[in-house]
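Structure first, then comments.
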Amino acid sequence: MNPEPSVYHKRRHAARTTDEYLFHQLVPYLGNKRRLLHLILEALEITGTLNSKKKNPPIFADFFAGSGVVSRLARQNGYRVIANDWEPYSHALNHAILACIDAPAFKELGGYQKAIDYLNRLPEVKGWVTHNLCPRNDDIYDPARDRLFFKRRNGMRIDAIRQQIATWQSQGAINDVEMSALLAPLLYSASFVSNTSGVFKSFHQGWGGRTQTALERIESLLWLTPSRFCEIGDRKRPAAEMWCVDSQHLANQMSGFEVDVAYLDPPYNQHAYSSNYHVLNALTLWDQADLPSPDTKGYKSGIDRAWRKERPSPYNSSKYAKDAYEKLLSTINARYILTSYSTDGNIEPKDLLMANLERGKVTLLTQDVPRYRVSKQRQSERARVLEFIVITDTHAKSGPPLRQLLGQLYHFAELGGVDTSGNSTQLALW
């Protein structure tokens, strides 16, 4: 039950042009697993849950869904998906795309395509995005006093579209799933035309950055296209259950029943997703918070301090990541636990493997990948990093010991030319 290929090809699977469900309109995302889907599929084969012949489909719980690409892979292969991420934008991106087999009905608006067409035809409006995330003049600007996330025309289009979606919601013309089916294309399109390298913690100091390699993308007109949906599943019930909570809270809530596969992809480093994608959260929540001017200390990128203080993740801290992971791992009730991690992570491989060995038999899959860098022109002395998947069978206790697993990990790191010492955050997301 694998109707589409899971091996990512950059040109064939470009998020803006591909028709394939797995890769269509994926936002550029730090830690995106699109390049590792074949490895995750191999891990699922090892668990024996892939292509299950049981009457009820196996349950796949994705605790850190992010862009949703791994949950899409599970949906595409017939799993019943539970997808969670505590970032609001992730819930908006994934709710309809994962839960629906067909496009939502949009009965009040004449169908999904008509709703999209209506939004695309809206006249431009100067609103929150235009005032807070765009310069006062596209041609005459000061990066110290202006935010350059969007060209003004696209900022006004985002304002018009987002406000219309909010109006439909307040009028009861759309439900939550239909709301997601409209927000997902908007968030993707806004990401595509943004004057960034893929994250919103900062913007280019000029349009397209120093090299202006992304200028064509940034100057293109924001335009919505409908999301694609996976037709696999039972039309009598949602194909996925969506959560927007802390991963530990979800584990506590689900501790009373065993899922077939739990997939963990926690943040690796100190860079918080709430900061990196604060613009997507702002568009999702549409609370239109008052922002100090860009020249106010600490507000150049417009990141709300409340997000920084109220939503820190322990996984972003080398001090707290290990304890948080051990607690989560001990709480999860699953036959198999798959953990994606990196030799660049806040948790030392030894500590991570020891925690998994406490739960059962451990098997490793590895692949070296390019390290993320802000731009293609910026080089790194350590160009590659080792990504690995820890497969834990909680019903089995005998397996390779820690020393053997560590030896396997560092052996493959050496083969891939990976330097495992130190951390770095340098593969452009687009």
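With the numbering used here, the residue at position 168 of the sequence shown is 168, and numbering never jumps. We put the beta carbon where it would ideally sit given N, CA and C, even for glycine.
DSSP-derived helix/strand/coil call for residue i
i           : result
residue 84  : strand
residue 242 : strand
residue 445 : Residue 445 lies beyond the residue range present for the chain, which begins at 1 and ends at 430; the question has no answer from this structure.
residue 272 : coil
residue 212 : coil
residue 365 : strand
residue 393 : strand
residue 59  : strand
residue 193 : helix
residue 357 : helix
residue 108 : helix
residue 14  : coil
residue 41  : helix
residue 387 : strand
residue 232 : coil
Any non-hydrogen atom of the ligand NAP within 7 angstroms of residue i CB
i         : result
residue 7 : Of the ligands one can find in the structure shown there are none, so the ligand NAP has no counterpart to examine.
Top-ranked residue by Cα proximity to residue i, from the options
i           : options               : result
residue 67  : 340, 25 and 329       : 25
residue 305 : 166, 14 and 291       : 291
residue 231 : 277, 94, 76 and 339   : 76
residue 154 : 42, 79 and 138        : 138
residue 206 : 61, 150 and 40        : 150
residue 398 : 358, 105 and 388      : 358
residue 410 : 252, 55, 343 and 260  : 343
residue 439 : 341, 124, 346 and 108 : In this structure the chain extends from 1 to 430, so residue 439 is not present and cannot be described.
residue 506 : 395, 245 and 106      : Nothing can be reported for residue 506: it is not among the residues displayed for the chain, which extend from 1 to 430.
residue 124 : 148, 158, 100 and 108 : 158
Distance, residue j Cα to residue i Cα
i           : j           : result
residue 234 : residue 112 : 21 angstroms
residue 190 : residue 243 : 24 angstroms
residue 255 : residue 339 : 18 angstroms
residue 89  : residue 281 : 5 angstroms
residue 1   : residue 13  : Residue placement at residue 1 is poorly supported in this model, since its pLDDT is 44, which falls under 50; the coordinates still yield a value, given next. If I take the Cα positions, the gap works out to 20 angstroms.
residue 327 : residue 263 : 15 angstroms
residue 93  : residue 120 : 19 angstroms
residue 161 : residue 171 : 15 angstroms
residue 404 : residue 52  : 31 angstroms
residue 202 : residue 196 : 7 angstroms
residue 250 : residue 188 : 27 angstroms
residue 298 : residue 288 : 19 angstroms
residue 23  : residue 58  : 23 angstroms
residue 360 : residue 70  : 23 angstroms
residue 283 : residue 402 : 45 angstroms
residue 129 : residue 156 : 7 angstroms
residue 102 : residue 228 : 8 angstroms
residue 73  : residue 222 : 28 angstroms
residue 180 : residue 241 : 14 angstroms
residue 10  : residue 182 : 26 angstroms
residue 375 : residue 324 : With a pLDDT of 48 at residue 375, under the threshold of 50, the modelled position of this residue cannot be trusted, and the question is left open.
residue 367 : residue 186 : 33 angstroms
**Study point:** Cβ pair count under 8 angstroms reaching 3, the region 168-183 against the region 136-148
**Key:** no
Check your understanding: Where in the region 292-348 do unbroken runs of the alpha helix (DSSP H), each at least 4 residues long, occur, reported from the N-terminal end onward?
Key -> 305-310 and 321-331
**Study point:** Contact between the region 272-287 and the region 110-124 (3+ Cβ pairs under 8 angstroms)
**Key:** no
Review point. Is the region 153-170 close to the region 314-321, with three or more CB pairs under 8 angstroms?
Key: Judged by Cβ distances under 8 angstroms, the region 153-170 makes no contact with the region 314-321, as fewer than three pairs qualify.
**Study point:** Sufficient close CB pairs (3 or more, under 8 angstroms) joining the region 206-220 to the region 80-87
**Key:** With a cut-off of 8 angstroms, the region 80-87 and the region 206-220 do not count as touching, because too few Cβ pairs lie within range.
Point to revise | Segment contact flag, the region 216-231 with the region 56-67, C-beta cutoff 8 angstroms, min 3 pairs | key: no
Point to revise | beta strand (DSSP E) segments (min. 3 residues) lying fully within the region 110-184 | key: Runs of the beta strand (DSSP E) inside the region 110-184: none found.
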